[in-house]
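Enquirer: If you count by the numbering used here, then the sequence shown holds residues 17 to 513, one letter each, in order.
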Amino acid sequence: MDRSIFFYIQQEAHKSRQKFEEYHNNLHVEYERKLARLNHVPPKEVKRPEEWQSDCKHNPYYVLRNLKSISKSITKKIKSGSYVPHTPFNKQIPKKGGGWRTVSIYQLPDSAVSDKYYHDLLRKNKHRFSSFAYAYRNDRNVHFAIQDIANELRKSPRIFVAEFDFRDFFGSISHEYLLKQLNQNCFIINPTEKRIISAFLVGRDKGIPQGTSISLFLANMVCWELDRRFEDEGLRFARYADDTIIWTRDYSKICKAFEIINEFSDLCGVQINYNKSDGISLLQKQGMRSEFENSKSFIEFLGYKVSVDSIGIKNSSVLKIKRQISYILYKNLIQPIRTLPITASHLPQANFDRDYLSAIMQIRRYLYGNLSEHTLQKYLNGSYVKLTFKGVMSFYPLIDDEAQMKLLDKWLISTILNVLRKRKRLLKSNVNLDALTFPYNLTGANIIKNSKSHTVHGKEGLFQIPSFMRIYLAIRKGVGNLGIEKMINPNSTYYEG
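(1) Could you give the distance in angstroms between the alpha-carbon of Gly227 and the alpha-carbon of Ser120?
(2) Report the option in Val100, Met485, Pro173, Phe454 whose CA atom is closest to the CA atom of Leu396.
(3) Can you name the start and end residues of the beta strand (DSSP E) that Asp259 belongs to?
(4) Rounded to a whole number of angstroms, what is the C-alpha to C-alpha distance between Met503 and Leu442?
(5) Quick one, which of Phe22, Lys84, Ser172, Phe176 has its alpha-carbon nearest Gly131's?
(6) Once the 5 residues before and after Arg117 are set aside, which same chain residues still bring their CB inside 6 Å of it?
(7) Hey, Phe182 and Val79 are a contact pair by Cβ (cut 8 Å); roughly how many whole angstroms apart?
(8) Taking the straight line between their C-alpha atoms, what separation do you get for Leu436 and Lys336?
(9) Measuring CA to CA, which of Ile90, Leu424, Pro413 is closest to Asp18?
(10) Can you give me the start and stop residues for the alpha helix (DSSP H) that Tyr134 sits inside?
(11) Within a Cβ cutoff of 6 Å, which residues of the same chain sit near Ser483, ignoring the five residues on either side of it in sequence?
(12) Check Arg33 in the structure and name its three-state DSSP category.
(13) With a cut-off of 8 Å on the beta carbons, I'd call Phe274 and Ile261 a contact; round off their distance for me.
(14) Can you tell me whether DSSP reads Val495 as helix, strand or coil?
(15) Please tell me whether Val487 and Gly407 are closer than 8 Å, where the distance is taken between their beta carbons.
(16) Around the Cβ of Asp258, are there at least 16 other Cβ atoms within 10 angstroms (buried) or fewer (exposed)?
(17) Taking the C-alpha atoms as reference points, what is the distance between Arg53 and Leu43?
(18) Quick one, which of Ile296, Gly385, Glu279, Val238 has its alpha-carbon nearest Thr264's?
(19) Report the CB separation of Tyr372 from Ile341 in whole angstroms; it is logged as a contact under 8 Å.
(20) Report yes or no: do the segment 146-164 and the segment 410-419 share at least 3 C-beta pairs separated by less than 8 Å?
(21) If you compare alpha carbons, which of Phe105, Lys95, His56, Glu61 is closest to Asn75?
(22) Straight-line CA distance for Val324 to Lys301?
(23) Keeping to the same chain, check which residues put their C-beta closer than 8 Å to that of Pro173; ignore five residues upstream and five downstream.
(24) Helix, strand or coil for Phe182, going by three-state DSSP, please let me know.
(25) State yes or no: is the C-beta of Gln420 within less than 8 Å of the C-beta of Ile277?
(26) Out of curiosity, what's the CA-to-CA distance linking Tyr511 and Met377?
(27) Between the C-alpha atoms of Ser332 and Tyr256, what's the straight-line distance to the nearest angstrom?
(28) Between the C-alpha atoms of Glu247 and Asp155, what's the straight-line distance to the nearest angstrom?
(29) What are the start and end residues of the alpha helix (DSSP H) that includes Ile288?
(30) Just the Cα atoms here: how many angstroms apart are Gly513 and Phe317?
(31) Below 8 Å, how does it come out for the segment 348-355 and the segment 182-201: are there three or more Cβ pairs, yes or no?
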């Protein structure tokens, strides 16, 4: 145990340090970009996490310096049965749909203990969980859930679906119900693990802490009976933590699913969030007539938009992507010149706008990760066998809605042209507009061709407009060749609703 605790604490501290240093490095890179683009740049401000101020064992640098003594002390407490984690630092995180979620940030040694026992419990018990429970496992992920749902829905032009969401799932679970599950359903849990679980529940009359690894195992364990009842009724479903979707061709069975959800809600003490739950609907192809009042042509689940004939990016995620690209264009092309005196350090020249090049390169980096247009094209034509995808599109390896990709490409071109027109209007009092050519001579008819062929210092393609369709085709090719897990962004295996 001594080596194991040492390893997990060291790993947790390294992860925390890496996260902080990535934040610091990104902040510095952005600061350097501002210095190159703007006049009068305010000093760089590095903010340390709030929890570091509450106790030194939140600070990875302190923990790594004192690793041996900290791990030895915790190992001794675990062996004696006296281990209890320190009171966590509670942080309020805004929810997407409004309101706040309380996340418990444990000291790094306690977080490491939680992570160790989560992995130990999962290793011994993951075979006990339903194959339709996709959350917080190393043999299932978000994309497997979407793949299974899409496959089922494509087999039926009309199918009943039920969508449910629980209110404050982690914070409301009955301890009586949870502890009952520890002793039934054949979970393999030894006395030390039971003590660790109980230790992380100290100070709570209900609920499990959100923000620590061991709670991920407990969340799946609490839902074991719910999953089994769905299976016993012959219902197909996908559950990702508390987000659940059920489907069947039989209306009586979908009504039974509603009864099962209600009974589970009463037993475990978690209320159904009817404001976020669409309940029972008839899913069918768009345009089909229906005798069922509550019908729809798609469902949104785990970041995806799934219909009976396609998989796309869900609407709110599309909006988030558009906002980020719009912000990149704004901060590079509009913000530095929108007030007088102009803060831009470089104004456009006859055939070159440095700030516009920066904007295009940042959009490309956002969509593609570290891939250039040249590398992407080499991969698509077969010259490169394998690539690593890290941009925002790598979060959606299963999409096949090409119409959505084409619309996004049209939106991107339209948005770029609109921003360029606005930038030109704002520049009229500071620049000889008659002398401006590229990119201010671009139109909807020539922007793709002229941007690709425009040269800078003899280099072609730097201004090529990034394409949703192009990166989609590359990722789709990679999934076909190597499978989902080799193509996805590592962060996309977990989903925060």
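Here a beta-carbon is modelled for each residue, glycine too, at the ideal position from N, C-alpha and C.
Expert: By the coordinates alone:
(1) Locating residue 227 in the sequence shown gives position 211, counting from the first residue. Locating residue 120 in the sequence shown gives position 104, counting from the first residue. The straight-line gap from Cα to Cα measures roughly 5 Å.
(2) As a working mapping, residue 396 is identified with position 380 in the sequence shown. Of the candidates Val100, Met485, Pro173, Phe454, the one whose C-alpha sits nearest the C-alpha of Leu396 is Met485.
(3) Along the sequence shown, read from residue 1 onward, the residue named residue 259 stands at position 243. 259-264 is the span of the beta strand (DSSP E), which, as asked, contains Asp259.
(4) Numbered from 1 along the sequence shown, position 487 holds the residue referred to as residue 503. Numbered from 1 along the sequence shown, position 426 holds the residue referred to as residue 442. Rounded to the nearest angstrom, the two C-alpha atoms are 43 Å apart.
(5) Translated into positions along the sequence shown, residue 131 becomes position 115. Checking the sequence, you will find Asp at residue 131 rather than Gly. When only C-alpha atoms are compared, the closest one is Phe22.
(6) Locating residue 117 in the sequence shown gives position 101, where the first residue counts as 1. Result list for Arg117: Ile109, Lys111, in chain order.
(7) Here the question's residue 182 lines up with position 166 in the sequence shown. Here the question's residue 79 lines up with position 63 in the sequence shown. Incorrect: roughly 35 Å between the Cβ atoms, too far for contact.
(8) For the purposes of this step, residue 436 is taken as the residue at position 420 of the sequence shown. For the purposes of this step, residue 336 is taken as the residue at position 320 of the sequence shown. Roughly 22 Å separates the two Cα atoms.
(9) Along the sequence shown, one-based indexing puts residue 18 at 2. It is Ile90.
(10) The residue labelled residue 134 in the question sits at position 118 within the sequence shown. It spans 124-141 - the alpha helix (DSSP H) in which Tyr134 sits, taken as one unbroken run.
(11) The residue given as residue 483 occupies position 467 in the sequence shown. Result list for Ser483: Asp425, in chain order.
(12) To locate residue 33, count along the sequence shown from 1; it is residue 17. The answer is helix: DSSP assigns Arg33 an H, G or I state.
(13) Counted from its first residue, the sequence shown places residue 274 at position 258. Counted from its first residue, the sequence shown places residue 261 at position 245. The pair is not a contact, with the Cβ atoms about 13 Å apart (cut-off 8 Å).
(14) Walking along the sequence shown from the start, residue 495 turns up at place 479. Residue state, collapsed to three classes: helix.
(15) Residue mapping note: residue 487 aligns to position 471 of the sequence shown, counting from 1. Residue mapping note: residue 407 aligns to position 391 of the sequence shown, counting from 1. For the sequence presented, residue 487 should be read as Ile rather than Val. Yes; because the gap between Cβ atoms is below 8 Å, this pair is in contact.
(16) One-based indexing of the sequence shown puts residue 258 at position 242. Buried, because 16 or more other Cβ atoms sit within 10 Å of the Cβ of Asp258.
(17) Taking the sequence shown and counting its residues from 1, the one referred to as residue 53 is at position 37. Taking the sequence shown and counting its residues from 1, the one referred to as residue 43 is at position 27. Taking the straight line joining both Cα atoms gives about 15 Å.
(18) Position 248 of the sequence shown holds residue 264. With distances taken between Cα atoms, Thr264 lies closest to Ile296.
(19) Reading the sequence shown from its first residue, position 356 is the one you call residue 372. Reading the sequence shown from its first residue, position 325 is the one you call residue 341. With 8 Å as the limit, Tyr372 and Ile341 do not qualify as a contact, their Cβ atoms being about 14 Å apart.
(20) yes
(21) On the sequence shown, position 59 is the one that residue 75 refers to. Nearest C-alpha to Asn75: Phe105.
(22) Along the sequence shown, read from residue 1 onward, the residue named residue 324 stands at position 308. Along the sequence shown, read from residue 1 onward, the residue named residue 301 stands at position 285. Approximately 6 Å between the Cα atoms of the pair.
(23) Locating residue 173 in the sequence shown gives position 157, counting from the first residue. Within the same chain, Pro173 has close Cβ partners Gln300, Lys301, Met304, Val324.
(24) Within the sequence shown, numbered from 1, the residue matching residue 182 stands at position 166. Of the three classes helix, strand and coil, the one that applies to Phe182 here is strand, per DSSP.
(25) For the purposes of this step, residue 420 is taken as residue 404 along the sequence shown, with counting starting at 1. For the purposes of this step, residue 277 is taken as residue 261 along the sequence shown, with counting starting at 1. Cβ distance not < 8 Å, so Gln420 and Ile277 don't count as in contact.
(26) Position 495 of the sequence shown holds residue 511. Position 361 of the sequence shown holds residue 377. For Tyr511, the predicted model reports a pLDDT of 45, less than 50, meaning its position is unreliable; a value from the coordinates is still stated below. Roughly 28 Å between the two C-alpha positions.
(27) Numbered from its first residue, the sequence shown carries residue 332 at position 316. Numbered from its first residue, the sequence shown carries residue 256 at position 240. Taking the straight line joining both Cα atoms gives about 19 Å.
(28) Along the sequence shown, one-based indexing puts residue 247 at 231. Along the sequence shown, one-based indexing puts residue 155 at 139. Roughly 20 Å between the two C-alpha positions.
(29) Reading the sequence shown from its first residue, position 272 is the one you call residue 288. Looking at the DSSP string, Ile288 is not in any alpha helix (DSSP H), and its letter there is neither H nor E.
(30) Numbered from its first residue, the sequence shown carries residue 513 at position 497. Numbered from its first residue, the sequence shown carries residue 317 at position 301. Here Gly513 scores only 43 on pLDDT, less than 50, and its place in the model is too uncertain to base an answer on.
(31) no
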